[in-house]
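Read through the structure below, which is laid out as structure tokens, and then see the notes.
2 protein chains.
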Amino acid sequence: MIREGKVCFELNLPEVVSSRMEVFYNPHMRENRDLSLLLLLTLPFEKLKVCDPMGASGVRLLRMLLETQKLEKAVYNDLSAESAQFFRKLLKNHCVDESMVEIHQEDACVFLRRHRDFHYVEVDPFGSPVPFLESALLSLRRHGILAVSATDTSVLSGTYPSTCFRRYGSMPLLSCEFYHEVGIRILIKKVVEEGAKLDYALEPVFSYSYRHYFRVFFKKQAGPKRADRVLAQVGYLLFCDRCLYRAGVKLEGLQNSCPYCGNRLLVAGPLWLGSLWDRELLEAMWQLRGAVELSENSLKLLKRIRQEATLNTLGFYTLSAIGKAFKLGQPPPIQKFLDIFKGVRTHFSGEGFRTAVSHQEFLERVHELLQRA
Amino acid sequence: MIREGKVCFELNLPEVVSSRMEVFYNPHMRENRDLSLLLLLTLPFEKLKVCDPMGASGVRLLRMLLETQKLEKAVYNDLSAESAQFFRKLLKNHCVDESMVEIHQEDACVFLRRHRDFHYVEVDPFGSPVPFLESALLSLRRHGILAVSATDTSVLSGTYPSTCFRRYGSMPLLSCEFYHEVGIRILIKKVVEEGAKLDYALEPVFSYSYRHYFRVFFKKQAGPKRADRVLAQVGYLLFCDRCLYRAGVKLEGLQNSCPYCGNRLLVAGPLWLGSLWDRELLEAMWQLRGAVELSENSLKLLKRIRQEATLNTLGFYTLSAIGKAFKLGQPPPIQKFLDIFKGVRTHFSGEGFRTAVSHQEFLERVHELLQRA
Numbered sequence: 001m002i003r004e005g006k007v008c009f010e011l012n013l014p015e016v017v018s019s020r021m022e023v024f025y026n027p028h029m030r031e032n033r034d035l036s037l038l039l040l041l042t043l044p045f046e047k048l049k050v051c052d053p054m055g056a057s058g059v060r061l062l063r064m065l066l067e068t069q070k071l072e073k074a075v076y077n078d079l080s081a082e083s084a085q086f087f088r089k090l091l092k093n094h095c096v097d098e099s100m101v102e103i104h105q106e107d108a109c110v111f112l113r114r115h116r117d118f119h120y121v122e123v124d125p126f127g128s129p130v131p132f133l134e135s136a137l138l139s140l141r142r143h144g145i146l147a148v149s150a151t152d153t154s155v156l157s158g159t160y161p162s163t164c165f166r167r168y169g170s171m172p173l174l175s176c177e178f179y180h181e182v183g184i185r186i187l188i189k190k191v192v193e194e195g196a197k198l199d200y201a202l203e204p205v206f207s208y209s210y211r212h213y214f215r216v217f218f219k220k221q222a223g224p225k226r227a228d229r230v231l232a233q234v235g236y237l238l239f240c241d242r243c244l245y246r247a248g249v250k251l252e253g254l255q256n257s258c259p260y261c262g263n264r265l266l267v268a269g270p271l272w273l274g275s276l277w278d279r280e281l282l283e284a285m286w287q288l289r290g291a292v293e294l295s296e297n298s299l300k301l302l303k304r305i306r307q308e309a310t311l312n313t314l315g316f317y318t319l320s321a322i323g324k325a326f327k328l329g330q331p332p333p334i335q336k337f338l339d340i341f342k343g344v345r346t347h348f349s350g351e352g353f354r355t356a357v358s359h360q361e362f363l364e365r366v367h368e369l370l371q372r373a
Numbered sequence: 374m375i376r377e378g379k380v381c382f383e384l385n386l387p388e389v390v391s392s393r394m395e396v397f398y399n400p401h402m403r404e405n406r407d408l409s410l411l412l413l414l415t416l417p418f419e420k421l422k423v424c425d426p427m428g429a430s431g432v433r434l435l436r437m438l439l440e441t442q443k444l445e446k447a448v449y450n451d452l453s454a455e456s457a458q459f460f461r462k463l464l465k466n467h468c469v470d471e472s473m474v475e476i477h478q479e480d481a482c483v484f485l486r487r488h489r490d491f492h493y494v495e496v497d498p499f500g501s502p503v504p505f506l507e508s509a510l511l512s513l514r515r516h517g518i519l520a521v522s523a524t525d526t527s528v529l530s531g532t533y534p535s536t537c538f539r540r541y542g543s544m545p546l547l548s549c550e551f552y553h554e555v556g557i558r559i560l561i562k563k564v565v566e567e568g569a570k571l572d573y574a575l576e577p578v579f580s581y582s583y584r585h586y587f588r589v590f591f592k593k594q595a596g597p598k599r600a601d602r603v604l605a606q607v608g609y610l611l612f613c614d615r616c617l618y619r620a621g622v623k624l625e626g627l628q629n630s631c632p633y634c635g636n637r638l639l640v641a642g643p644l645w646l647g648s649l650w651d652r653e654l655l656e657a658m659w660q661l662r663g664a665v666e667l668s669e670n671s672l673k674l675l676k677r678i679r680q681e682a683t684l685n686t687l688g689f690y691t692l693s694a695i696g697k698a699f700k701l702g703q704p705p706p707i708q709k710f711l712d713i714f715k716g717v718r719t720h721f722s723g724e725g726f727r728t729a730v731s732h733q734e735f736l737e738r739v740h741e742l743l744q745r746a
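Here the protein sequences line up with chains A and B, keeping their order. Number 72 in the numbering used here belongs to position 72 of the first sequence; there are no gaps in the numbering. The numbering used here runs 373 ahead of the 1-based position in the second sequence.
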């Protein structure tokens, strides 16, 4: 018997979760579902209409039905008849009022384009979310939330740069220490762009990288001016792999050599330069953390992001990147760095921290460290 | 009675054609339909399945049925019941075999996503084709043709740059003399990008600007490598509004000042840097020109493009731009320019020509002209 939140069910899990499972359920996505429930609770609507167009086992929707009191309708879709059957049984076993649920069996994109006005739409496919973005954002109502998961993190982070450019239209940057953050910022850019082309503003309100996937929640607004305001936060990342200089610039600000050390600069993007989190939303999620049965990991993740979001920087530093760039033999412990740079830790990397100091200041403090070593 | 090609019908045309017409037919798009028929004749398939998802009056499909012998099926879709009714009557009046036609009445994008394997799909909406691109290219078979019209030419050409950036993700450039060509290259980039994100290669094979619209035909191929080869031809345009220097570069080749005169360079893009025409296709269309009843304008346009395509350059020059930039009081007639620069005329502008000479050579010949003046 598997239990997740208020849901119990029987399912034979293979050793490796794959898309060939008859009914798809991934136990490693529990944190993903935990946090989506928590976010749902913060939405300023009563009577939510939520949609999971690739519903699979349906555990996510069922948890939303059982663990929040805000759903008016849970709309499930999956091409697989077995999955829909499994979900139906699950609903029955948990005594869910049938009038609260709709079950469809259609191609996800066609389904999304035939329905409108959802408060929340889940895009959690195998691999890249790109084929579903345009259809999904059309199905959302104003102020609704688009929840996107991407499991093609190695593409977004730079292991396959030509695939990243083809699929997302941006160049990643594996050779910086915050390559995962670059990846999530490229994913955000793609969603922003897909919205903007149809005069919608999709703004990221909560983003994270966890295990094998990236996750970003977007709030949708409508109108060209709002879309332009979001688009204005898209640009390029300049990065120096010698002195770790990094800066976000617009197209006209691109330059070739590092203003600090003269090294040839690397470029990534276009990507999202704006904030990864809406701090008010984070605070609301934190306050509500007792309202949902969160796993220990979910809680830890949320806690770290809440601290991290106090410093809204483009990129972070890691101990090993600083050690390598400045030839610090044995870098001091991370707490020392946090003190020196007035830093906060990042959830992206166990040895990473954000700091608001300027690059000039950063270099000076690193050199002080070197002299003391 | 209106006659176009082999089609005759009665319809009250308002003075200004608008989307509020009960049944939409635009007599100014005759050349658009002429050339699509001609292109259809060159396709290496017998028994074509063609689709017009926003079929309107249906005159285009009916002409394809009557004026080519290559159709197996004409698939018509339009949300408007009046339009479908009009098309049905038109078919009857022209004694068309009903088994060759399918008529649907659905949202164009939903319709396109529920059908596959068309040899030819027409995207000819009011305004921008952007909302239809992703759905349309999915419905095409390999080696099929996507025919795209865009009537938002002022957006693409730079009158509303923020709208262009929002809708197409690129910066236009109104201050160069070939701003229309920049616009069509931005349109092509958008289609290439929409294809590439789904691992399709959409390559432009025939492009033109005429009256109030841009028109581009794309051949679809599948697979990441083919998509990458097409994407490799996307980049940026550098332009100097002092000495008329222009160059296509990739992201890493962007620079700020003109290598010839030191002036600050303007940047447009990302946009298509590759060829606007497949010359073999153009030749085939030219050979077949007698097989379709073309208007005089269609023939003139095709003839000029056939000459123009012999010089595959990024951008062209106009007499007035040269006159203004180099203070030629009274520029000599265009034939003189064609001789001096070994140029060919362009269909984009009556006073424009393409030349293959380098910018150095261009400047030298302009200065010779100045000295003789």
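Just so it is clear, CB atoms sit at the ideal spot from N, CA and C, and this is done for glycine as well.
Query	Result
Contact the segment 307-318 of chain A vs the segment 56-63 of chain A: 3+ CB pairs below 8 Å	no
Closest residue to Q458 of chain B among B:D480, B:L416, B:V396 (Cα-Cα distance)	B:V396
CB of L271 of chain A within 8 Å of CB of L311 of chain A, strictly	no
Member of A:E46, A:R372, A:H115 whose CA lies at the smallest distance from the CA of N77 of chain A	A:H115
Three CB pairs or more closer than 8 Å across the segment 550-558 of chain B and the segment 622-632 of chain B	no
Interface positions of the segment 89-123 of chain A facing chain B (Cβ-Cβ less than 8 Å), listed along the chain	D107, C109, V110, R113, R114
Length at least 4, wholly inside the segment 688-718 of chain B: the alpha helix (DSSP H) runs in chain order	692-699, 707-713
Among B:G428, B:S522, B:A447, the one whose alpha carbon lies nearest that of F478 of chain B	Residue identity differs from the one stated: residue 478 of chain B is Gln in this sequence, not Phe. Q478 of chain B has its Cα closest to that of B:G428, out of B:G428, B:S522, B:A447.
Within 8 Å of chain A by C-beta, residues of the segment 515-538 of chain B in sequence order	S535, T536, F538
Beta carbon proximity, E203 of chain A to chain B, threshold 8 Å	no
Proximal chain A residues relative to P504 of chain B, where beta-carbon distance stays under 7 Å	L198
Close beta carbons around E495 of chain B, own chain, < 6 Å, minus the five adjacent residues each side	D425, A520
F591 of chain B - containing alpha helix (DSSP H), residue span	No alpha helix (DSSP H) contains F591 of chain B, which is instead part of the beta strand (DSSP E) from 586-595.
Per-residue DSSP class, three states only, for F243 of chain A	The sequence shown places Cys at residue 243 of chain A, not Phe. Coil.
The alpha helix (DSSP H) enclosing G556 of chain B, as first and last residue numbers	552-569
Segment contact, 8 Å Cβ cut-off, at least three pairs: the segment 284-301 of chain A with the segment 19-35 of chain A	yes
Neighbour list for A600 of chain B in chain A, Cβ cutoff strictly below 8 Å	R166
Coarse secondary structure for W659 of chain B, derived from DSSP in three states	helix
Contact residues within the segment 587-612 of chain B, judged by C-beta distance below 7 Å to chain A	P597, A600, D601, L604
Length of the line joining the Cα atoms of E475 of chain B and L413 of chain B	19 Å
P270 of chain A, enclosing beta strand (DSSP E) - first and last residue	266-272
Any C-beta of chain A under 8 Å from that of V555 of chain B	no
For S207 of chain A, the nearest candidate out of A:K92, A:F348, A:A356, A:V50 (CA to CA)	A:F348
Distance between R304 of chain A and K327 of chain A (C-alpha atoms, nearest Å)	29 Å
Straight-line gap, E455 of chain B to L547 of chain B (C-alpha atoms, nearest Å)	40 Å
Same chain, Cβ closer than 7 Å to F111 of chain A, neighbours up to 5 away in sequence not counted	P53, N77, H104
Simplified DSSP assignment, three categories, for H467 of chain B	coil
Within 8 Å of chain A by C-beta, residues of the segment 649-680 of chain B in sequence order	none
Spatial neighbours of Q680 of chain B in its chain, beta-carbon cut-off 6 Å, leaving aside the 5 residues before and after	V717
CB contact below 8 Å: V622 of chain B versus chain A	no
Local conformation of E252 of chain A per DSSP, three classes	helix
CB contact check: L254 of chain A to chain B, cutoff 8 Å	yes
E576 of chain B versus B:E734, B:C616, B:I561, B:K570, residue with shortest Cα-Cα distance	B:I561
Residues that C424 of chain B bridges to, as DSSP identifies them	B:V448, B:V494
Residue environment, H119 of chain A, which counts as buried when at least 16 other CB atoms sit within 10 Å	buried
Status (buried if at least 16 other CB within 10 Å, exposed otherwise) for P44 of chain A	exposed
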